[in-house]
Amino acid sequence: MRVTITEIKEMKQRKDRIPMLTAYDYVTAKQVDEAGVPLILVGDSLGMVMLGYESTIPVTMEEMIHHTRAVVRGAKKALVVGDMPFMTYHISLSEALYNATRFIQEGGAQAVKLEGGAVVAETVRRLVDCGIPVMGHIGLTPQSIHQLGGFKVRGKAVTEARKLLNDAAVLEEAGAFAVVLECTPAPLSGLITDRLAIPTIGIGAGPDCDGQVQVISDILGLYTDFVPKHAKQYVRLAGEIKSAVADYVSEVKSMTFPTAAQSYAMDESLIKQLKSED
Ligand code: KIV
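In this note's numbering, the protein residues as written are 35 to 312.
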């Protein structure tokens, strides 16, 4: 049985921490799912870590649906959240509803994530009313990077901290089942977490959130263009991949790969016969 939003909310009540990771393809989603991660985000971060864009802004609905379908095929148990890309939920309520529906119907996701607080509250309410679970996302919201002026911690000053507290409350009131807090000071994240009945999922938001989310390519040391302060590399796969590929190149050149073990045999009399027909 797949994890439900009710189970995710109950985890907060039980003070059971919620691990969440991104995944973008079938193979990774399968590993993440089998390792027991209950929440998988098909993040628009795939624009950077999978597609090589400079930010999440160019990511399209088609790209997100394509990757979401692959993740859903790999993850049998985790609740899969599809990240709505830039400007696919702002232009009108009907467009937001249409695009969120695509994540659920075509992508096979069980929920969607939207960036923003009070500004998207009406949209969150409408999606939830229509039966689409929504995860909020406040603090550093990468889709607004040009407006925010860079990837900086949010909520250090009192006015912005108050705004984040209000945004979180408004999202909960609108029906969001959880809220991502990205790059917010740890004590503020703790305060927001205490004030909400729904779980907070932090990324660069300190240890007092109800859960943590990380970009899989960061924790595996796969994406090395930029390593955020909040990411811990549990393994350095980029180096391991490069070294494995270098070994392969060297073995192909020296003809030590493939050997009989990687080759297919044939009856010797048949090959002799074929040669004699020359
Ligand atoms: O796109 C993403 O991976 C995200 C996480 C950083 C929360 O939004």
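We put the CB at the ideal spot given by N, CA and C, even for glycine.
No experiment lies behind these values; they were computed from the predicted model shown.
Confirm the yes/no value for this check: CB of G150, any heavy atom of the ligand KIV, distance under 7 Å. no
Taking just the CA atoms, how far does G209 sit from R159? Using only the alpha carbons, I get a separation of about 6 Å.
Roughly how many angstroms separate the alpha carbons of L230 and V106, rounded to a whole number? 29 Å
Can you tell which of V146, V153 and I172 has the C-alpha that lies nearest to the C-alpha of L161? V146
Taking 8 Å as the threshold (C-beta atoms), are D242 and A220 in contact? yes
Across the region 135 to 145 and the region 172 to 190, are there enough close Cβ pairs to call them in contact, namely three or more that are closer than 8 Å? no
Contact between the region 107 to 120 and the region 89 to 98 is defined here as three or more beta-carbon pairs at a separation below 8 Å; is this criterion met? yes
With 16 as the cutoff for other CB atoms within 10 Å, does Q246 come out buried or exposed? buried
Take A112 as the anchor and find which of I42, I179, A155 and I125 has the nearest alpha-carbon. I42
Sequence-distant residues of its chain with Cβ nearer than 6 Å to E149 (five each side left out): H171, T175 and Q177
Three-state secondary structure assigned by DSSP to G150: strand
Enclosing beta strand (DSSP E) for G236 [first to last residue]: T234 to I237
If I measure Cβ to Cβ from R270 and keep anything under 6 Å in the same chain, skipping five residues before and after, which residues do I get? Taken in chain order, the residues that qualify are G255.
To test your reading of the DSSP string, which unbroken beta strand (DSSP E) runs of 3 or more residues are found completely within the region 176 to 226? Segments of the beta strand (DSSP E) lying fully in the region 176 to 226: 212 to 216.
Considering Cα atoms alone, identify which of S79, F291 and D281 is closest to S251. S79
What residues match up with G245 in a beta bridge as DSSP calls it? I52 and I235
Considering L131, what are the terminal residues of the alpha helix (DSSP H) in which it resides? DSSP places L131 in the uninterrupted alpha helix (DSSP H) bounded by L127 to R136.
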